[in-house]
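Following: one structure in structure tokens, then a few remarks.
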Amino acid sequence: MPHDHHHDHDHTEPPSDLELRVKALESLLVEKGLVNPETLNRIIETYEHKVGPRNGAHVVAKAWTDPEFKQALMDDATEAVASLGYCGRQGEHLEVVENTNDTHNLVVCTLCSCYPWTVLGLPPAWYKSAPYRSRAVSDPRAVLKEFGTQLDEKSTIRTWDSTSEMRYLVLPQRPAGTENWSEQDLQQLVSRNSMIGVELARSPEQKGECDK
Amino acid sequence: MKGGHDLGGQLEMGPINPEPESQEQVFHADWERRVFALTLATGMLGKWNIDESRHARERQDPLTYIQNSYYENWLEGLEKLLLEKGLVSTEELVLAANISSQTTEALSVPTPNLAAKILASGARRTMETDSEALFCIGDRVLVKASETAGHTRAPKYTQGVIGTVAAQLGCHSFPDSNAQGVHEGKQLYRVIFSGSDLWGSHSVGAEVLVDLWEPYLDVVAS
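For the protein sequence lines, the chains are A and B, in the order given. First residue of the first sequence: 1, per our numbering; consecutive thereafter. First residue of the second sequence: 1001, per our numbering; consecutive thereafter.
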């Protein structure tokens, strides 16, 4: 291999029309004094590095291990997650929906891309895609299969379409064989996808797949 | 009118092809980062609300909306709002020329610390009201056909279908009015639909829950 870096080779290609258009817009807004460039950087830093699905994994693992917290979470999720320090934009009206042996929950926004930012960060590209937004309501079982998730045929799938400012977080079922696990270890089993509802929480055997 | 954004239940959308969770980046190109931040930062100028912002993205030829990538639609919406609210002129935007450094009004442009504070505090959307909720839990309700040519949050796939009120969610800012710059509250309900009522008898063991405002609904006599 002549060189072994993995990123795309976009540094050797001329910028696209889109890149130029965005650059021009940013320059214009900065020059007109309508945005502060440092503010832009702070906003990006917040959602690229600080607010993300590890927040949600903390909430879920705590709910699995602390019955009092779980009760508070089911009663008023906004307040309960705020007690862990997770609050703000796109999480002002949070509700947690719990998976059980006979009901599985799945979250979508068919009209745009509403998503609980405070606990999951910004949504993945597929969550915002036309196929997911279209099919999560009309064919949820096939959608789950695409993510490799096979449910009991008798279970009910509840799809939550986020049409208002209510935001939904799925509380996945605690995997079997984790009875003596600490909250911290359990967090490793809580994938982002399991909190959207397209997957189940990882099994103990799958732990660490997230690091690969 | 149904726009390209109203995607629930649209056929022929193909596979999802999700990126593996462990490999996915928050942004896939630097321009996406910039569009995201520009949208949030200019939103903090207080010249438009979230429903006007959504409506600006929706007001596109449906095919263009579908073909655009996600942040391209954000960029379309942002440029539209900046023009419509008079923050930039067509000459400045299209020709990148004749930039007038002064805007006509004094706007408060957030510093990084203020922006971080705004993001961390959010803004609740519930409103005080004297009106009582018209519908109760268990009521069967019919979603009316939408008459608005503007912004609405009643998905087409629910219109004309009967569901059951599962929860009263209180008085929330009404998007249809908010998108027109009129801030008013209406009662919001969680309505549960059976898959077979929405999609036919092949949809078994599926339920869809949708948050719908009172003006979207008619009670069905039992």
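We put the beta carbon where it would ideally sit given N, CA and C, even for glycine.
{"Item": "Per DSSP, cross-strand counterpart(s) of D161 of chain A", "Value": "A:V108 and B:V1210"}
{"Item": "Residue environment, C1136 of chain B, which counts as buried when at least 16 other CB atoms sit within 10 Å", "Value": "exposed"}
{"Item": "Environment of T1148 of chain B [buried if 16+ CB atoms lie within 10 Å]", "Value": "exposed"}
{"Item": "Sheet register partners of L1078 of chain B (DSSP bridge)", "Value": "Answer is none; L1078 of chain B lacks a bridge partner."}
{"Item": "Proximal residues, the region 154-167 of chain A versus chain B, C-beta separation under 9 Å", "Value": "K154, S155, T156, I157, R158, T159, W160, D161, S162, T163, S164, E165 and M166"}
{"Item": "V35 of chain A at chain B interface by Cβ criterion, 8 Å", "Value": "yes"}
{"Item": "Spatial neighbours of K70 of chain A in its chain, beta-carbon cut-off 7 Å, leaving aside the 5 residues before and after", "Value": "A63"}
{"Item": "Beta-ladder partner(s) of I1162 of chain B, from DSSP", "Value": "B:L1142"}
{"Item": "Backbone secondary structure at I1118 of chain B - three-state DSSP", "Value": "helix"}
{"Item": "Collapsed DSSP secondary structure at G56 of chain A in the structure displayed", "Value": "helix"}
{"Item": "Close Cβ partners of F147 of chain A (< 8 Å) along its chain, the five nearest in sequence each way excluded", "Value": "N193, V198 and E199"}
{"Item": "Inter-residue Cα distance where the pair is W126 of chain A and C109 of chain A", "Value": "12 Å"}
{"Item": "Beta-carbon neighbours of E48 of chain A, restricted to chain B and to distances below 8 Å", "Value": "V1026, F1027 and R1033"}
{"Item": "Residues of the region 78-93 of chain A whose Cβ lies closer than 8 Å to any Cβ of chain B, in chain order", "Value": "C87, G88, R89, Q90, G91, E92 and H93"}
{"Item": "C-beta neighbour in chain B for L25 of chain A, strict 8 Å", "Value": "yes"}
{"Item": "Members of the region 181-194 of chain A that neighbour chain B once the beta carbon cut-off is set at 8 Å", "Value": "S191, R192 and N193"}
{"Item": "Within-8 Å CB hit, S1121 of chain B to chain A", "Value": "yes"}
{"Item": "Buried/exposed call for G1195 of chain B, threshold 16 Cβ in 10 Å", "Value": "buried"}
{"Item": "Sufficient close CB pairs (3 or more, under 8 Å) joining the region 89-97 of chain A to the region 161-176 of chain A", "Value": "yes"}
{"Item": "Cβ contact check for the region 1189-1208 of chain B and the region 1105-1112 of chain B: 3 or more pairs under 8 Å", "Value": "no"}
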